[in-house]
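For reference, each letter of the sequence shown is one residue, going 84 to 763 in my numbering.
In this text, a Cβ means the ideal position worked out from N, Cα and C, and glycines have one as well.
No experiment lies behind these values; they were computed from the predicted model shown.
Working notes for the structure below.
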Amino acid sequence: MPIRGRIIWVAGPAVRAEGMMGAKMYETVYVGEEKLIGEIIKLTGDIAFIQVYENTSGLKPGEPVYGTGQPLTVALGPGLIGSIYDGVQRPLISIAKAVGSFIKRGVHVPPISLDKKWKFTPTVKKGQRVEPGDTIGIVEETPLIQHKIMVPPNSRRGEILEIAEEGEYTVEEIIAVTKTNGGEEQLKMHHRWPVRQPRPFGERLDPLVPLITGQRVLDTLFPMAKGGTGCIPGAFGTGKCVPPGTPILLSDGTLVPIDELFREAITNHDINEEDEELIVPISRLKIISFSSEGLREFEASHIYRGRSKYLVKLVTSSGREIKVTPLHKLFKLDPETGRILETPAISIVRGDFLTMPRKITIRSNYQPIPLEDVEDLYICGDEDLKLVKEIMEEARQKVGSIKALARTIGLNYNTLMSYWICMSKPSLKFFIKLSEFLGRELPFEFTVKSSSRGKSIKLPRYMTSKLAEFLGLLMSNGKITKRSVKFFNNNLLVISRFTQLLRELFQLDGREKMFKTVRCIEINSRALVKILIFLGFPAMKKSKKLTVPSIILRSPDDVIAGFIRGYYLGGGLLNKDVIEISSTSRELIHVLSYLLTRLGILYTVRIDEEKNKSRIIISGIDEIEKFYSIVLKEIREIDKVASIKKYLETQDENRTLRQTTPLNLQLIRNLLEKNRFLNL
Numbered sequence: 084m085p086i087r088g089r090i091i092w093v094a095g096p097a098v099r100a101e102g103m104m105g106a107k108m109y110e111t112v113y114v115g116e117e118k119l120i121g122e123i124i125k126l127t128g129d130i131a132f133i134q135v136y137e138n139t140s141g142l143k144p145g146e147p148v149y150g151t152g153q154p155l156t157v158a159l160g161p162g163l164i165g166s167i168y169d170g171v172q173r174p175l176i177s178i179a180k181a182v183g184s185f186i187k188r189g190v191h192v193p194p195i196s197l198d199k200k201w202k203f204t205p206t207v208k209k210g211q212r213v214e215p216g217d218t219i220g221i222v223e224e225t226p227l228i229q230h231k232i233m234v235p236p237n238s239r240r241g242e243i244l245e246i247a248e249e250g251e252y253t254v255e256e257i258i259a260v261t262k263t264n265g266g267e268e269q270l271k272m273h274h275r276w277p278v279r280q281p282r283p284f285g286e287r288l289d290p291l292v293p294l295i296t297g298q299r300v301l302d303t304l305f306p307m308a309k310g311g312t313g314c315i316p317g318a319f320g321t322g323k324c325v326p327p328g329t330p331i332l333l334s335d336g337t338l339v340p341i342d343e344l345f346r347e348a349i350t351n352h353d354i355n356e357e358d359e360e361l362i363v364p365i366s367r368l369k370i371i372s373f374s375s376e377g378l379r380e381f382e383a384s385h386i387y388r389g390r391s392k393y394l395v396k397l398v399t400s401s402g403r404e405i406k407v408t409p410l411h412k413l414f415k416l417d418p419e420t421g422r423i424l425e426t427p428a429i430s431i432v433r434g435d436f437l438t439m440p441r442k443i444t445i446r447s448n449y450q451p452i453p454l455e456d457v458e459d460l461y462i463c464g465d466e467d468l469k470l471v472k473e474i475m476e477e478a479r480q481k482v483g484s485i486k487a488l489a490r491t492i493g494l495n496y497n498t499l500m501s502y503w504i505c506m507s508k509p510s511l512k513f514f515i516k517l518s519e520f521l522g523r524e525l526p527f528e529f530t531v532k533s534s535s536r537g538k539s540i541k542l543p544r545y546m547t548s549k550l551a552e553f554l555g556l557l558m559s560n561g562k563i564t565k566r567s568v569k570f571f572n573n574n575l576l577v578i579s580r581f582t583q584l585l586r587e588l589f590q591l592d593g594r595e596k597m598f599k600t601v602r603c604i605e606i607n608s609r610a611l612v613k614i615l616i617f618l619g620f621p622a623m624k625k626s627k628k629l630t631v632p633s634i635i636l637r638s639p640d641d642v643i644a645g646f647i648r649g650y651y652l653g654g655g656l657l658n659k660d661v662i663e664i665s666s667t668s669r670e671l672i673h674v675l676s677y678l679l680t681r682l683g684i685l686y687t688v689r690i691d692e693e694k695n696k697s698r699i700i701i702s703g704i705d706e707i708e709k710f711y712s713i714v715l716k717e718i719r720e721i722d723k724v725a726s727i728k729k730y731l732e733t734q735d736e737n738r739t740l741r742q743t744t745p746l747n748l749q750l751i752r753n754l755l756e757k758n759r760f761l762n763l
């Protein structure tokens, strides 16, 4: 029997009703004596929280609430094209004909005409087997649009027992009967579909045929394709916005605050900063976003700035934190159906399960270090100097003379001559610029120094896993001065790993010292200091400014794993049954959490405001095993890593809360029963 409750509270479009025991989440209800259409968005005992989609003025406690037992649905069938609807598929033109231009509340009109007849042409024959998605007939809905009548997705496969002959029928008349394992099913030219349930598909096809609307402004400026999607941007205040500082994940893996993107976008536009709302076109901005198929790359076309009276702040059990406008849609799990629902942030309550990516895949290549932007580094290796002389001669022959070459590459003639006669060492910037001028491939490493008396060092051309690990080690327990680099650690194996990387990457050796009670490796090299600062290592106030260099964010997963490996060796530990990585830099922990998601490792973030410390916690055998195999496996001889391996070998499998999905018991039973039936 339909449920009948009673209103106990009204606040704008929100209504609370009692006596709703047995109602379902997202069930359609009719509210009040005028039967305003609404939807249940929360249930607590027999109390239902309802969002009403009509004006609630005059609605008062005590009025009835009628349940329908059905979710909010839309009608799909011939008659949609040419109609104008509101957000719950009420046909505005039909309503205007019924009650006048000023639409009254509680008016209910079928979304598509139930009386109009359409010419139906069958495309199947009696005895033919069909399944959901198969076309059984066509209707010429307009001269441009051929409406295919299909077996609804929620029907069963079966055999055609009856099929209507070619002729005119209303959408309510039966045009086919199928014989299925569940009995006979009658098919009409229309059916209803829940708005929160995605339409299933076997394969997504590229839209290739244009959809000509006849509206020249649309067909010229906003062309569409048959089977494609038309986008109407949301109005101001409808939940598209996030506050300044919110990181946007670009397709190359970097994180950029949205306000920084906005400032860059407006540099080439004449705008009035005092306007409440600004929409600025942008180009070539590719971001990672969510579609029905998962996370993928999108190209953004505009960026918007507006205002909101207040924001909603949400904090998850894993430590994720987000601030959005009240109507901003988030993806929530519905335990009753197992589906993912788009839900306004204001409707999220304690205990709800939000869906978040377990792994973000970024297609990236190994990133060249832009050494041409580093000042005051000079080529000093014999092989490199020989190569410089060779390409200078090639360039001179190409342009005709040294003087012409100086003009061509924008270098002082006297400086170029000093390079030519080997009176002074050529700068690294000059070497790279000349190589690019000739279209030559650059070597994978250079030998340079910062001055005539400085130490020579090897510089890698690309960001590699080992270079990222070296940076991670320094960022966890290192510091730099104007002339030197220092790394502190009392673990001899970690010290040994650092010196090994130092020698492999830069062909440098450090001196071991003791600073009070801490071992230190000190490297006196201005060239190394220059490179580290260029890569993003803070020269001052390291604890406040520390973050992950952007070149690592743009790199492949093994480089990301290398950085995390280095930082773990210096600032991480296995604490009982969890891995902890801590820092006084909240920004660093924030970016590390993104990197772990890139690797598919689940984590929890904890902030200790009193101690000004942030931690990443990795728990559960599965996640610790992933962290070990992806990040640490190649340095398993170090005791900090060996202890994790030993822990994994002595522990049984366990599950954490985030690895479980709460589903309604009856739903699980139905799924098991359906699976058993399909396997028969």
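Proximity to V157 [Cα-Cα], best of E146, L678 and P174 = The residue labelled residue 157 in the question sits at position 74 within the sequence shown. Nearest option by C-alpha distance: P174.
Does the distance from the C-beta atom of I123 to that of M104 stay below 8 angstroms?
-> Stepping through the sequence shown from its first residue, residue 123 is reached at position 40. Stepping through the sequence shown from its first residue, residue 104 is reached at position 21. Not a contact, by the Cβ cut-off of 8 angstroms.
When the distance is taken between beta carbons, is V612 closer than 8 angstroms to I566?
-> Here residue 566 refers to the residue found at position 483 of the sequence shown. Here residue 612 refers to the residue found at position 529 of the sequence shown. Checking the sequence shown, residue 566 turns out to be Arg, not Ile. The answer is yes: Cβ separation under 8 angstroms.
Residues bridged to R239 (per DSSP) = Along the sequence shown, one-based indexing puts residue 239 at 156. DSSP, once it has assigned bridges, lists no residue as partnering R239.
Burial state of N658 (16 or more Cβ within 10 Å) = To locate residue 658, count along the sequence shown from 1; it is residue 575. Its Cβ having fewer than 16 others within 10 Å, N658 is exposed.
By how many angstroms is the C-alpha of S559 removed from the C-alpha of R99?
-> As a first step, residue 99 is located in the sequence shown; it is residue number 16 there, counting from the start. As a first step, residue 559 is located in the sequence shown; it is residue number 476 there, counting from the start. Their backbone Cα atoms lie some 53 angstroms apart in a straight line.
Kindly identify the DSSP beta-bridge partner or partners of F571.
-> Counting from 1 along the sequence shown, the entry for residue 571 is found at position 488. Looking at the DSSP assignment, F571 forms a beta bridge with C603.
Three CB pairs or more closer than 8 angstroms across the stretch 184-196 and the stretch 232-247 | no
Which of the three DSSP states, helix, strand or coil, is assigned to Q153?
-> Taking the sequence shown and counting its residues from 1, one reaches residue 153 at position 70. Here Q153 sits in strand by DSSP.
Let me know the alpha helix (DSSP H) ranges lying completely inside the stretch 287-368, each 4 residues or longer, listed in chain order.
-> 299-304 and 341-348
Beta-carbon spacing of V674, V631 below 8 angstroms = Here residue 674 corresponds to residue number 591 of the sequence shown, with the count starting at 1. Here residue 631 corresponds to residue number 548 of the sequence shown, with the count starting at 1. Yes, Cβ-Cβ distance for V674 and V631 is below 8 angstroms.
Name the two residues that bound the continuous beta strand (DSSP E) containing A383.
-> Indexing the sequence shown from 1 puts residue 383 at position 300. Start and end: G377 to R388.
Grouping DSSP H, G and I as helix and E and B as strand, with all else coil, what is H411?
-> Position 328 of the sequence shown, counted from the first residue, corresponds to residue 411. The answer is coil: DSSP assigns H411 none of H, G, I, E or B.
Cβ shell of F319 (< 7 angstroms), same chain only, five flanking positions each side left out | Looking up residue 319 in the sequence shown gives position 236. Confidence in F319 is poor, its pLDDT being 49 and thus under 50, which makes the residue's placement unreliable; the coordinate value appears in the next sentence. Taking F319 as the centre and dropping the five residues before and after it, the same chain places the C-beta of E360 and G389 closer than 7 angstroms to its C-beta, in chain order.
Below 7 angstroms CB to CB, which residues in the same chain sit around D129 once its five sequence neighbours on both sides are set aside?
-> Numbered from its first residue, the sequence shown carries residue 129 at position 46. Cβ-Cβ distances below 7 angstroms link D129 to E101, G102, M103 and M104 in the same chain, with the five nearest sequence neighbours on each side left out; the list follows chain order.
Near I367, which residues of its chain fall below 8 angstroms by C-beta distance, leaving aside the five closest residues on each side in sequence?
-> Looking up residue 367 in the sequence shown gives position 284. In the sequence as displayed, the identity of residue 367 is Arg instead of Ile. Excluding sequence neighbours, R367 sits near E382.
By Cβ distance below 6 angstroms, which residues in the same chain neighbour A551 in space, the five residues on each side in sequence not counted?
-> Counting from 1 along the sequence shown, the entry for residue 551 is found at position 468. Hits under 6 angstroms: I635, V642, G645 and F646.
For I86, I'd like the list of residues in its chain whose CB is within less than 7 angstroms of its CB, leaving aside the five on either flank, ordered along the chain.
-> Here residue 86 corresponds to residue number 3 of the sequence shown, with the count starting at 1. Within the same chain, M103, G105, A106 and G150 come within 7 angstroms of I86 by CB-CB distance, once the 5 residues on both sides are set aside.
With burial defined as no fewer than 16 other Cβ atoms inside 10 Å of the residue's Cβ, what is the status of Y496: buried or exposed?
-> Start at 1 with the first residue of the sequence shown, and residue 496 comes out as number 413. The residue in question, Y496, is exposed, as its Cβ has fewer than 16 Cβ neighbours within 10 Å.
Compare the C-alpha of L142 against each of S447, F710, H411 and I91 and name the closest.
-> For this step, residue 142 is matched to residue 59 along the sequence shown. Ranking the options by Cα distance to L142, first place goes to I91.
When burial is assigned at 16 or more other CB atoms within 10 Å of the CB, is Q269 buried or exposed?
-> For the purposes of this step, residue 269 is identified with residue 186 of the sequence shown, where counting begins at 1. Label assigned to Q269: exposed.
Which residues in the same chain have their Cβ closer than 6 angstroms to the Cβ of A97, if we skip the five residues on either side of it in sequence?
-> In the sequence shown, the residue the question calls residue 97 occupies position 14. Excluding sequence neighbours, A97 sits near nothing in its chain.
Is the CB-CB distance between L591 and L585 below 8 angstroms?
-> Residue numbering aside, residue 591 sits at position 508 when the sequence shown is read from its first letter. Residue numbering aside, residue 585 sits at position 502 when the sequence shown is read from its first letter. Yes.
Once you ignore the five residues that flank K262 on each side, which residues in its own chain have a CB closer than 6 angstroms to its CB?
-> Residue 262 sits at position 179 when you count from the first residue of the sequence shown. Taken in chain order, the residues that qualify are G241, E242 and L244.
Beta-carbon proximity list for R544, same chain, < 8 angstroms, skipping 5 on both sides = Along the sequence shown, read from residue 1 onward, the residue named residue 544 stands at position 461. These residues qualify, in order along the chain: P451, I452, L454, L525, P526, F527, E528 and F529.
Could you pull out every residue in the same chain whose Cβ sits closer than 6 angstroms to the Cβ of D435, ignoring the five residues on either side in sequence?
-> Residue mapping note: residue 435 aligns to position 352 of the sequence shown, counting from 1. Correct list, in chain order: K415.
So which of R637, A94, G220 and E223 has the shortest CA-CA distance to T444?
-> Locating residue 444 in the sequence shown gives position 361, counting from the first residue. It is R637 whose Cα lies nearest to the Cα of T444.
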